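Written below as structure tokens is the structure these notes are about.
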Amino acid sequence: MNDKQTILELDLKRREAMISADVESLSQLLGDELVWIHATGKLDDKGTVLKAIGEGATVYERITVEDETVRFFEGVALVTGMASMTLVSRGARKELENRFTIVWAPAGDSYQAVNWQSTSLR
Numbered sequence: 001m002n003d004k005q006t007i008l009e010l011d012l013k014r015r016e017a018m019i020s021a022d023v024e025s026l027s028q029l030l031g032d033e034l035v036w037i038h039a040t041g042k043l044d045d046k047g048t049v050l051k052a053i054g055e056g057a058t059v060y061e062r063i064t065v066e067d068e069t070v071r072f073f074e075g076v077a078l079v080t081g082m083a084s085m086t087l088v089s090r091g092a093r094k095e096l097e098n099r100f101t102i103v104w105a106p107a108g109d110s111y112q113a114v115n116w117q118s119t120s121l122r
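Counting from 1, one number per residue, gives the positions in the sequence shown under the UniProt record's numbering.
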């Protein structure tokens with residue numbers, strides 16, 4: 001299961017689920033052991049990510065990516081790239097430009113995101 005296109009499609013579904021606040025779909029795309037490290041250094045897990053999006057504490061309006069590279073290491077996929085996001089977090093509107101790494105691990109016949117790390121470019 002080393003298909004770069006599959007990984008890119010899953011990551012697009014993740015971004016779409018975040019924008020539409022589709023917590024059910026997002027829950028399927030995120031692994032139970034997820035570690036989400038924001039560019040600020042704030043640390044979240046799957047539960048806190050889903051709660052923030054589901055309750056509207058964080059509202060993603062736009063997430064675009066470019067310069068994506070997918071690499072496989074013994075079945076684990078690492079995606080790196082640049083993300084541009086518009087979001088509202090606890091009432092504050094933010095425009096973010098980040099370089100990111102997201103790790104997709106095999107899960108059954110698909111993959112789940114198990115780690116996100118971003119660094120601000122501003």
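Note that the Cβ used here is the ideal one computed from N, Cα and C, for glycine as well. Just so we're clear, the structure is a prediction, and the values are computed from it rather than from any experiment.
Within 10 angstroms of the beta-carbon of Asp109 lie fewer than 16 other beta-carbons, which makes it exposed.
In the same chain as Thr86, and ignoring 5 residues on each side of it, the C-beta atoms closer than 6 angstroms to its own belong to Glu61, Arg62 and Glu95, in chain order.
Gln112 has its alpha-carbon roughly 7 angstroms from the corresponding atom of Pro106. Only residues of its own chain outside the window of five on either side were considered, and among them Ile7, Ala77, Tyr111 and Ala113 have a CB closer than 6 angstroms to the CB of Trp104, listed in chain order. The C-beta distance from Ile102 to Val88 rounds to 22 angstroms, too long to meet the 8 angstroms contact threshold. Taking a C-beta distance under 8 angstroms as the contact criterion, Asn2 and Phe100 do not qualify as a contact pair. In its chain, beyond the 5 residues on either side, Ala39, Asn98, Arg99 and Phe100 have a beta carbon closer than 8 angstroms to the beta carbon of Thr119. By the neighbour-count definition (other C-beta atoms within 10 Å, threshold 16), Leu12 is an exposed residue. By the Cβ neighbour-count rule, Leu29 is buried, with 16 or more other Cβ atoms within 10 Å of its own.
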